[in-house]
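Trainee: Quick note: the sequence shown uses our numbering, first residue 1261, plus one each step. Every residue, glycine too, gets a C-beta built ideally from N, C-alpha and C. Here you go, one structure.
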Amino acid sequence: MKEKIIDKGHYQEKPVDSDAIRVVSGEHRRLCLTPTEDLSFVLEKDAELELCLVMMPVEPMEIKLRVDFVGEGAKASLSGFYICRDAEVKLSVEVLHRVGGCTSRQLFNGIVAGSAKASFDGKITVAPDAQGSKAFQENHNLLLSPLAWADTRPQLEIYADDVECSHGATVGKLNEDELFYMRSRGIPEPEARVLQMISFLAPVLASVPEEQREGLIENVEITVRNL
């Protein structure tokens, strides 16, 4: 895990993506999707974006997500999960706070099995004029086999003084104590493993729109049972 914080004297402004999806002033957009290409969003004043990415690939997958705040008071809640076995997933998330008073929250969890590889590259940039920004990022990974591999690289580039920013990143395994407890209560180990994996993904699944959630949870359960 690598963290990077750069002095505000080195700030270089990037151009706004002209091909990005615009969430206009006052609009509230909520999306849950399986990405097939890179995604880019621009948020105007008081716009709100809730986005959940679902990734369960059977072949290599690489996705880049970018969110650009250009209007004050905008909010973005970005979440997602990846479940992979014997495939490689690369997820890159870039959030640019150009103006003040905006809030971004990120939560991405991954389950990596077999000989799969997963990498998360998350970058938050807070410009010198983006005072009052709030930016939070979390990435957590669960490895199910000795050959599974995950790399997480959170980066913070903060050039403003009055901000709230944090990140958290973990790479771990199933909790043996929890598995033992469930077995002692008569739950077979395969079922206990499934329950623990569903619990690991639960905070992300909670962000899925209600009309999509039940079907997605059923699909996730089928997938993790076959890991």
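So what's N1369 in DSSP terms, helix, strand or just coil?
Mentor: Numbered from its first residue, the sequence shown carries residue 1369 at position 109. DSSP places N1369 in strand when its eight states are reduced to three.
Trainee: Can you tell me the Cα-Cα spacing of F1460 and M1316, whole angstroms?
Mentor: As a working mapping, residue 1460 is identified with position 200 in the sequence shown. As a working mapping, residue 1316 is identified with position 56 in the sequence shown. One C-alpha to the other measures close to 15 Å.
Trainee: Leaving aside the five residues before and after D1389 along the sequence, list all residues of the same chain whose C-beta is less than 8 Å from its C-beta, in chain order.
Mentor: Here residue 1389 refers to the residue found at position 129 when the sequence shown is read from its first residue. Only R1358, V1359, G1360, A1420 meet the Cβ criterion.
Trainee: Based on Cα-Cα distance, which residue from P1450, D1422, I1371 lies nearest to D1411?
Mentor: Locating residue 1411 in the sequence shown gives position 151, counting from the first residue. Closest option to D1411, Cα to Cα, is I1371.
Trainee: Please classify K1264 as buried or exposed, where buried requires at least 16 neighbouring CB atoms within 10 angstroms.
Mentor: Translated into positions along the sequence shown, residue 1264 becomes position 4. Interpretation of K1264 is limited by its pLDDT of 46, a score under 50 that renders its predicted location unreliable; the figure taken from the coordinates is listed afterwards. Exposed: under 16 other Cβ atoms inside 10 Å.
Trainee: Can you look up R1473 in the DSSP assignment and give me helix, strand or coil?
Mentor: Mapped onto the sequence shown, residue 1473 falls at position 213. Residue state, collapsed to three classes: helix.
Trainee: With a CB to CB cut of under 6 Å and the five nearest residues on each side skipped, what residues in its chain are close to A1488?
Mentor: Because the chain spans 1261 through 1487 in this model, residue 1488 falls outside it and cannot be assessed.
Trainee: Using CA coordinates, which residue listed in G1331, E1332, G1340 is at the minimum distance from I1323?
Mentor: In the sequence shown, residue 1323 corresponds to position 63, counting from 1. Among G1331, E1332, G1340, the Cα nearest to that of I1323 belongs to G1340.
Trainee: Quick check: is any heavy atom of the ligand PLP less than 7 Å from the C-beta of F1396?
Mentor: In the structure on display, the ligand PLP does not appear, and there are no ligands present to speak of.
Trainee: Three or more beta-carbon pairs under 8 Å between the stretch 1467-1477 and the stretch 1428-1447, yes or no?
Mentor: Contact between the stretch 1467-1477 and the stretch 1428-1447 is absent, because fewer than three Cβ pairs lie under 8 Å.
Trainee: How far does the beta strand (DSSP E) with P1414 in it extend, from its first residue to its last?
Mentor: In the sequence shown, counting from the first residue as 1, residue 1414 sits at position 154. Where P1414 is concerned, the enclosing beta strand (DSSP E) stretches over 1409-1418.
Trainee: Would you list, in sequence order, the uninterrupted alpha helix (DSSP H) runs of no fewer than 4 residues that lie entirely inside the stretch 1427-1465?
Mentor: 1436-1444, 1449-1465
Trainee: Three-state secondary structure (DSSP) at E1478?
Mentor: Here residue 1478 corresponds to residue number 218 of the sequence shown, with the count starting at 1. Reduced to three states, the DSSP call for E1478 is helix.
Trainee: Return helix, strand or coil for L1484, following the three-state DSSP convention.
Mentor: Looking up residue 1484 in the sequence shown gives position 224. Sequence inspection shows Val at residue 1484; the Leu mentioned does not correspond to that position. DSSP places V1484 in helix when its eight states are reduced to three.
Trainee: Going by Cα to Cα distance, which pick from L1434, T1296, P1295 is closest to P1406?
Mentor: Numbered from 1 along the sequence shown, position 146 holds the residue referred to as residue 1406. Measuring from the Cα of P1406, the nearest candidate turns out to be L1434.
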